[in-house]
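Q:
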Amino acid sequence: MNILSNIGKSSLLAASIFWIIILSDTFDWDMIPFIFLSLIPIYICCAFTILITICPIFWFLKSDDYSKRRIFKTYFPIYTITMFSFCVYCIYKTSFEVFILSFFISAYITTAQSWVWFSKENVVIK
Amino acid sequence: MKHLIIIISSILFSTLFYNQYIGLNLSIFSVLSVIVLAISNTHKFRNKITIFYTLMYLITAVLVFIQYTNLSILANIIAFTTLVGSVTESKSSIYVQWYNGVYTSIAGFLHRRFLKQTIEEKKTSKRNIDVLHLVKLVGIPLVFIIIFIVLYKNGNPIFNDIISKINFNFINLQWLLFTVLGYYLFSNIFKPVQVDSATNLDLQTGNILYKPDTFSTEAIEKEKQLGIILLLLLNILIVFYLTTDIISLTTTRPTDASVYSSQVHNGINTLIASIIIAIVIILYFFRGNLNFFKDNKNLKNLAYTWIFLNTTLVIIIAIKNYEYIASFGLTYKRIGVNIYLFLTFIGLITTFLKVSKIKNLWFLFRINTQIAFVLLILFSFVNWDYSITKYNINHAPSLDLNYLINLSNNNAVLLNEYRESANLSSEQDNKILAKHRNYIKTVKDRNWQEYTYSNFNIKTTNEYTK
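Line by line, the protein sequences give chains A and B. Everything in the first sequence is counted per my numbering, starting at 77 for the first residue and increasing by one. Everything in the second sequence is counted per my numbering, starting at 1332 for the first residue and increasing by one.
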């Protein structure tokens, strides 16, 4: 499992989605430096989320009998439904505010895609 | 062909929902979803169960348009996930269909992409590198160009003026993003996916308990004795409780709403605890071997008696609730109590069937969730706000008008008619008038995507002119 690479890719994906949604609402050239600065907190958020919520599932479950593909097929649905429900709840609670909306949409898509990246590496097809 | 269908559907999705409230758009979306599912999974739509769920889904779509209640919208969403889950695997239980339906709707595209990638991984390793290279080719220059534009902007006022004049307002990026959301949704449901572990387990598990080859008679005998003593004592206790309850029901007649409310809600709390414990105990004792023990007749009779006594408890609380409604009118809570009582009654009947027909726990889950789904659809046929208002105006001896005013706008016309005929306080009169005006304005300002049946109904009765 290449965790660093995954976190890096996830951070870029999250930043892209987050800023595309925000800039679709209001665009200003003066916001550009903040886009680059925001990569730091986004990286920290992604690292925490991935290390706390996704990696342990692979660390604890992966074995010779339990391939990544099997882990994905069994646990990804539970994870993604939980994550989706949590994000929708938070968005609903904050009355669809653009900043929160973009944060949770990017969080949901990034974590889901991160699962695909983790599961894809060195897959043993059974 | 697949992409063309999804692109057309996603553009329609944006047209229907972008910056719009729910209304006719949800009904049209339902028809569109059925068409997309039917095109991509034609053979699945020959199945009777799938056809049944399609009809249910379309009925809820019509109900959203006609009734326009939160319940009909909820029923429509649940019917949608059920249909998608049914297209995935029609033979599975309804709760597994919900699981598959929700999973497909939110992550079907990623699931299929993962499966496709793992199968084709070795063959297409070059293609992956090419994609990465393409991303680099576009991404890196773009990032540096943006950085340098920002830097040069501060260094040259003419350059700054020109850059500031660049206006992308002609592109509605939000509309585009909304279309992407539609594309993602239709990609998800185009080929529904299933959670293999849950679906296979469900398909392999039947409804009937099977007799084991051998079991310890001594252990079963001890368990039976425990069961008999426990259920006997609980039966005596519930008989005592019911007797006192019937005495209090026939001798005292509270006139105060708060006393009635307290009685009914205390009864409900008792009922919840009683029914849950009853079902858990019955399920515990009849979980396995005791079902096949030849000397289990007394225990079964005690279990049936307890189910019967709990049913009596349901009836007594229903009577209390009926009297409460007859005195103080309908409210959502009081209707909720009735629905809960009905569901409890169904739960007791299915528990009885489980014991008498030697069924397993899955039987209970399956049948109860199916019944709950059908009831949800049936309840969404009713415009509750309108019905509560009509009942209370015509039948309730004590009318809580403020409660009715605070309900949704579905009762605005009815309340306004009542206002015109009754002699109300000026405060209530103004509130109802404001509510009615607000309703008429909301209906009038709707775009075609937000239309409901009330739009046509109001136009025909010339409500706008009032």
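In this text, a Cβ means the ideal position worked out from N, Cα and C, and glycines have one as well. Since this is a predicted model, take the numbers as computed values, not measurements.
(1) With DSSP collapsed to three states, give me the class of residue 1690 of chain B.
(2) Could you check the C-alpha separation between residue 187 of chain A and residue 87 of chain A for me, to the nearest Å?
(3) So residue 1691 of chain B and residue 1578 of chain B are supposed to be a Cβ contact under 8 Å. How far apart are they, rounded?
(4) Less than 9 Å between CB atoms is the rule here; does residue 95 of chain A satisfy it with respect to chain B?
(5) Determine whether the Cβ of residue 1404 of chain B lies closer than 9 Å to any Cβ atom of chain A.
(6) For residue 137 of chain A, which residues from the same chain have a beta carbon less than 8 Å from its beta carbon, with the 5 sequence-adjacent residues on both sides left out?
(7) Classify residue 1539 of chain B as helix, strand or coil using the three-state DSSP reduction.
(8) Determine the burial state of residue 168 of chain A: buried for a count of at least 16 other Cβ atoms within 10 Å of its Cβ, exposed for fewer.
(9) Looking at chain B, is there any beta carbon in it that lies within less than 9 Å of the beta carbon of residue 195 of chain A?
(10) With distances taken Cα to Cα, identify the nearest neighbour of residue 1372 of chain B among B:1415, B:1542, B:1347.
(11) Skipping 5 residues on each side, what residues in its chain have a beta carbon closer than 7 Å to that of residue 1440 of chain B?
(12) How would you label residue 1466 of chain B, buried or exposed, when you count the other beta carbons within 10 angstroms and need 16 or more for buried?
(13) Hey, how far is the Cα of residue 1796 of chain B from the Cα of residue 1513 of chain B?
(14) Taking the straight line between their C-alpha atoms, what separation do you get for residue 115 of chain A and residue 91 of chain A?
(15) Name the chain B residues whose beta carbon is nearer than 9 Å to that of residue 149 of chain A?
(16) What does a CB cutoff of less than 7 Å around residue 1676 of chain B pick up in its chain, not counting 5 residues either side in sequence?
(17) Looking at the secondary structure, which residues open and close the alpha helix (DSSP H) in which residue 146 of chain A lies?
(18) Give a yes or no on whether the C-beta atoms belonging to residue 120 of chain A and residue 191 of chain A are separated by under 9 Å.
(19) Are the C-beta of residue 140 of chain A and some C-beta of chain B separated by less than 9 Å?
(20) Measure the Cβ-Cβ separation of residue 1687 of chain B and residue 1631 of chain B and say whether it is below 9 Å.
(21) Would you mind sorting residue 1562 of chain B into buried or exposed? The rule is 16 or more other CB atoms within 10 Å of its CB.
(22) Distance, Cα to Cα, residue 1726 of chain B vs residue 1436 of chain B?
(23) Counting only C-beta atoms, is residue 1484 of chain B closer than 9 Å to chain A at any point?
(24) From residue 202 of chain A to residue 141 of chain A, what distance separates their C-alpha atoms?
(25) Using Cβ-Cβ distances below 8 Å, what residues of the region 154-165 of chain A are close to chain B?
(26) According to DSSP, is residue 1816 of chain B part of a helix, a strand, or is it coil?
(27) By how many angstroms is the C-alpha of residue 1724 of chain B removed from the C-alpha of residue 1749 of chain B?
(28) Exposed or buried, which one is residue 1368 of chain B when buried takes at least 16 other CB atoms within 10 Å?
(29) In chain B, what lies closer than 9 Å to residue 116 of chain A by C-beta?
(30) Take residue 1443 of chain B and list the residues in its own chain whose beta-carbon comes closer than 8 Å to its own, dropping the five residues that flank it on each side.
(31) Between residue 118 of chain A and residue 1541 of chain B, what straight-line distance do the alpha-carbon atoms span, to the nearest angstrom?
(32) Do residue 1363 of chain B and residue 1782 of chain B have their C-beta atoms closer together than 9 Å?
A: On the basis of the data shown:
(1) DSSP places residue 1690 of chain B in strand when its eight states are reduced to three.
(2) 10 Å
(3) So it is not a contact: roughly 40 Å between Cβ atoms.
(4) no
(5) no
(6) 147, 151
(7) strand
(8) Burial check for residue 168 of chain A: the Cβ neighbour count within 10 Å stays below 16, so the residue is exposed.
(9) yes
(10) Relative to the Cα of residue 1372 of chain B, the nearest Cα in the group B:1415, B:1542, B:1347 belongs to B:1415.
(11) 1515, 1518, 1519
(12) exposed
(13) For residue 1796 of chain B, the pLDDT reaches just 47, beneath the cut-off of 50, and the residue's location in the model is therefore unreliable, leaving the point undetermined.
(14) Each residue's CA atom was taken as its position, placing residue 115 of chain A and residue 91 of chain A some 7 Å apart.
(15) 1442, 1445, 1446, 1526, 1527, 1528
(16) 1642, 1645
(17) 144-169
(18) no
(19) Cβ-Cβ to chain B under 9 Å: no for residue 140 of chain A.
(20) Here residue 1687 of chain B is near residue 1631 of chain B, since their CB atoms are less than 9 Å apart.
(21) buried
(22) Looking at the backbone, the Cα of residue 1726 of chain B and that of residue 1436 of chain B are separated by about 45 Å.
(23) yes
(24) Its pLDDT being 42, under 50, residue 202 of chain A is placed unreliably in this model, and the coordinates cannot settle the point.
(25) 156, 157, 160
(26) Residue coverage of chain B in this structure runs from 1332 to 1797, which leaves residue 1816 of chain B outside it and unanswerable.
(27) Going from the Cα of residue 1749 of chain B to the Cα of residue 1724 of chain B covers about 8 Å.
(28) buried
(29) None at all; the shortest Cβ gap to chain B is about 16 Å.
(30) Closer than 8 Å at the Cβ level, and outside the excluded window around residue 1443 of chain B, lie 1522, 1524.
(31) Taking the straight line from one Cα to the other gives about 55 Å.
(32) no
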